[in-house]
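What follows is a short report on a single structure.
Number of protein chains: 2
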Amino acid sequence: MKIAVLGTGEVGQRLAGKLVSVGHEVTMGSRTADNADAARWAAETGGGHGTFADAAASAELVVNATGGLVSLAVLEAAGAGSLRGKTIVDVSNALDFSEGFPPRVVTPDGHSVAEQLQKAFPEARIVKTLNTMNNAVMVEPGRVPGHHTVFLSGDDADAKAETTALLRSFGWAPEQITDLGDLPSARATEALMALWLRLYGALGPVDFNLSVVTARDLS
Amino acid sequence: MKIAVLGTGEVGQRLAGKLVSVGHEVTMGSRTADNADAARWAAETGGGHGTFADAAASAELVVNATGGLVSLAVLEAAGAGSLRGKTIVDVSNALDFSEGFPPRVVTPDGHSVAEQLQKAFPEARIVKTLNTMNNAVMVEPGRVPGHHTVFLSGDDADAKAETTALLRSFGWAPEQITDLGDLPSARATEALMALWLRLYGALGPVDFNLSVVTARDLS
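Structure below.
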């Protein structure tokens, strides 16, 4: 599948690399066509690179791996026409580091980045996922032992199914994938970043994730 | 130990009952001295009941089991003099049901109920805990199988130790108790209620809890 990964940071590089390794044709999108990080990534992996618009235009599916504070501008640069009808896997969090660490978790319009994007691009199919863990765990859930959870929020069942298939290809087992419901449920996982940052402070630099444990047998 | 449980709702009744069963002398506090729920509880368990002020005055430790939207008023009714120097175990969440279900999670002054209470009663020692699960799991963690987590936030080490001892008496194992740090970390767990409400919607009426799973061996 042709996939655009928007964003050249750690998260974008990690997701793009994994997507190449599981067989996709990946183009990394950035603000400018000559972004050095994107060019280096493309040279090392055999992937492509270009502007946000270049990447989105040829993609069948788009991954938003940009910071949540700039994601709206990035998708505007990608262009509504190139997002129309496509699944947009949104892994962003909106973190304001202007007052130091831990950053403040920003909720656009009191809601979520995911809803902000969906509102701006009503013909795109936004799915929020993977935004509650570090990027190493995103693409290699086995780094954290036993049962733990990745959440899914979105309004379009087909887009969620497509996203679930991607998660499965990353190594997530069906029982680890928890569908929280419609896109406004992304408010809950974006708000979770506050806990993640505190846990990072308490646990130190170790891979960790949250697990939903129920009284029902999950095995 | 003499313990005041402020609040006569499901959470207050559950916590007060457990505290009696593990050997404490418990007084349930409510707005009026003749609250029917509190009187019934006291008659059934051998505990005491009275106004918020009555309950707090004689207590060595206070549990705030009122709704977070009214907790400040409740502690004001209890009286600063009766809270001074005491550990206040705050299990509240501020939920606004005025627009239906799921309720909106309210963060007083953009922060947390716990911080709001600490600011109003600087000589009390607020500890936030147990606010991320249903009241049955609070006092009987074994209802949820395997490893799962209760969080702790507070500025006073002695108050946290006292709270940890209570949690231990409820059945929480040391490795299940995660200290998130200072009281502002309560923002993270109060915000978690948004996820809890979504999980409740997705899982239905089953006992569940979140577990922090790390790459380190927790056994």
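Residue numbers (our numbering), protein chains in the order written: chain E, 4 to 222; chain X, 4 to 222. Glycine included, every Cβ here is placed at the ideal spot set by N, Cα and C.
**Study point:** One or two residues paired with A7 (chain X) in a DSSP bridge
**Key:** To locate residue 7 (chain X), count along the second sequence from 1; it is residue 4. Per DSSP, X:T30, X:V65.
Check your understanding: Between the segment 143-154 of chain X and chain E, which residues of the former have a C-beta closer than 9 Å to a C-beta of the latter?
Key -> R146, V147, P148, G149, H150, H151, T152, F154
Exercise for review: Examine chain E for any beta-carbon lying closer than 8 Å to the beta-carbon of N96 (chain X), and answer yes or no.
Suggested key: Residue 96 (chain X) sits at position 93 when you count from the first residue of the second sequence. Taking Cβ atoms only, chain E never reaches closer than 8 Å to N96 (chain X), which makes this a no.
Check your understanding: Cβ of A7 (chain X) within 8 Å of Cβ of V65 (chain X)?
Key -> Within the second sequence, residue 7 (chain X) is the residue found at index 4, counting from 1. Within the second sequence, residue 65 (chain X) is the residue found at index 62, counting from 1. In this structure, V65 (chain X) lies closer than 8 Å to A7 (chain X) by Cβ.
Review point. Cβ of F104 (chain E) less than 8 Å from any chain B Cβ?
Key: Among the chains of the structure shown, chain B does not appear; the protein chains present are E and X.
Practice item. Check the C-beta distance from P214 (chain E) over to G184 (chain E) and give it rounded, since I have them as a contact under 8 Å. Key: Stepping through the first sequence from its first residue, residue 214 (chain E) is reached at position 211. Stepping through the first sequence from its first residue, residue 184 (chain E) is reached at position 181. According to the sequence shown, residue 214 (chain E) is Ser rather than Pro. With 8 Å as the limit, S214 (chain E) and G184 (chain E) do not qualify as a contact, their Cβ atoms being about 19 Å apart.
Point to revise | Sequence-distant residues of its chain with Cβ nearer than 8 Å to L202 (chain E) (five each side left out) | key: The residue you call residue 202 (chain E) lines up with position 199 of the first sequence. Excluding sequence neighbours, L202 (chain E) sits near F211.
Point to revise | Whole-Å CB distance - A123 (chain X) paired with L75 (chain X), under 8 Å assumed | key: Your numbering for residue 123 (chain X) matches position 120 in the second sequence. Your numbering for residue 75 (chain X) matches position 72 in the second sequence. That pair is a contact at about 6 Å.
Review point. Using DSSP with H/G/I as helix, E/B as strand and the rest coil, what is V92 (chain X)?
Key: In the second sequence, the residue the question calls residue 92 (chain X) occupies position 89. Note: V92 (chain X) maps to strand in three-state DSSP.
Check your understanding: Taking one C-beta from the segment 125-144 of chain E and one from the segment 97-106 of chain E each time, how about it: are there three or more such pairs within less than 8 Å?
Key -> no
Check your understanding: Roughly how many angstroms separate the alpha carbons of L221 (chain E) and N38 (chain E), rounded to a whole number?
Key -> As a working mapping, residue 221 (chain E) is identified with position 218 in the first sequence. As a working mapping, residue 38 (chain E) is identified with position 35 in the first sequence. For L221 (chain E), the predicted model reports a pLDDT of 45, less than 50, meaning its position is unreliable and no value from the coordinates is stated.
Check your understanding: Using the beta-carbon of each residue, which ones in chain X are nearer than 9 Å to G184 (chain E)?
Key -> As a working mapping, residue 184 (chain E) is identified with position 181 in the first sequence. Simply R201, G204, A205.
Exercise for review: Starting from the beta carbon of R219 (chain E), find every residue of chain X whose beta carbon is closer than 7 Å, and list them in chain order.
Suggested key: As a working note, residue 219 (chain E) is residue 216 in the first sequence. Those are V209, listed as they occur along chain X.
Point to revise | Cβ neighbours of T54 (chain X) in the same chain (closer than 6 Å, five flanking residues each side left out) | key: The residue you call residue 54 (chain X) lines up with position 51 of the second sequence. Excluding residues within five positions, the ones whose Cβ falls inside 6 Å are A36.
**Study point:** Same chain, Cβ closer than 8 Å to E193 (chain E), five either side skipped, listed in chain order
**Key:** Within the first sequence, the letter at position 190 stands for residue 193 (chain E). If we look at E193 (chain E) and ignore the five residues flanking it on each side, its Cβ neighbours are G71, N96, A97, V108, T110, S115, V116, A117, K131, N134.
Review point. Can a CB atom of chain E be found closer than 8 Å to the CB of R43 (chain X)?
Key: For the purposes of this step, residue 43 (chain X) is taken as the residue at position 40 of the second sequence. It does not; no Cβ of chain E falls within 8 Å.
Review point. Would you call P144 (chain X) buried or exposed, if buried means 16 or more other Cβ atoms sit within 10 Å of its Cβ?
Key: The residue you call residue 144 (chain X) lines up with position 141 of the second sequence. With 16 or more Cβ atoms within 10 Å of its Cβ, P144 (chain X) is classed as buried.
Exercise for review: Note down, in chain order, all residues in the segment 164-198 of chain X with a beta-carbon under 8 Å from any beta-carbon belonging to chain E.
Suggested key: T181, D182, L183, G184, S188, R190, A191, T192, A194, L195, A197, L198
Review point. With R146 (chain E) and V140 (chain E) assumed to form a contact (beta carbons below 8 Å), what rounded beta-carbon distance in angstroms separates them?
Key: Position 143 of the first sequence, counted from the start, is the residue given in the question as residue 146 (chain E). Position 137 of the first sequence, counted from the start, is the residue given in the question as residue 140 (chain E). R146 (chain E) to V140 (chain E), Cβ: 5 Å. Contact.
Review point. Between A62 (chain E) and T30 (chain E), which are expected to be in contact by the criterion C-beta below 8 Å, what is the C-beta distance as a whole number of angstroms?
Key: On the first sequence, residue 62 (chain E) is found 59 positions in, with the first residue counted as 1. On the first sequence, residue 30 (chain E) is found 27 positions in, with the first residue counted as 1. Right, their Cβ atoms sit about 7 Å apart.
Review point. Below 8 Å between beta carbons: does that hold for A59 (chain E) and G15 (chain E)?
Key: Within the first sequence, residue 59 (chain E) is the residue found at index 56, counting from 1. Within the first sequence, residue 15 (chain E) is the residue found at index 12, counting from 1. Against a cut-off of 8 Å, the Cβ pair of G15 (chain E) and A59 (chain E) comes out as no contact.
Check your understanding: Along chain E, which residues have their Cβ under 8 Å away from the Cβ of L213 (chain X)?
Key -> Position 210 of the second sequence, counting from 1, holds the residue named residue 213 (chain X). Within chain E, the residues near L213 (chain X) are L213, S214, V215, V216.
Practice item. Kindly list the residues whose CB is nearer than 7 Å to the CB of S1 (chain X), restricted to its own chain and excluding five residues on each side of it in sequence; keep chain order. Key: The question about residue 1 (chain X) has no answer here: the residues shown for chain X are numbered 4 through 222.
Point to revise | Same chain only: Cβ atoms within 6 Å of N138 (chain X), ignoring 5 sequence neighbours per side | key: Mapped onto the second sequence, residue 138 (chain X) falls at position 135. Taken in chain order, the residues that qualify are E13, V14, R17.
Point to revise | A176 (chain E) beta carbon less than 8 Å from that of P148 (chain X) | key: As a first step, residue 148 (chain X) is located in the second sequence; it is residue number 145 there, counting from the start. As a first step, residue 176 (chain E) is located in the first sequence; it is residue number 173 there, counting from the start. No. Outside cutoff.
Review point. By DSSP, does T223 (chain X) sit in helix, in strand, or in coil?
Key: Missing from the structure shown is residue 223 (chain X); chain X here goes from 4 to 222 and no further.
**Study point:** Neighbourhood of L200 (chain X) by C-beta distance below 6 Å, restricted to the same chain and skipping five residues each side
**Key:** If you number the second sequence from 1, residue 200 (chain X) lands on position 197. Closer than 6 Å at the Cβ level, and outside the excluded window around L200 (chain X), lie P105.
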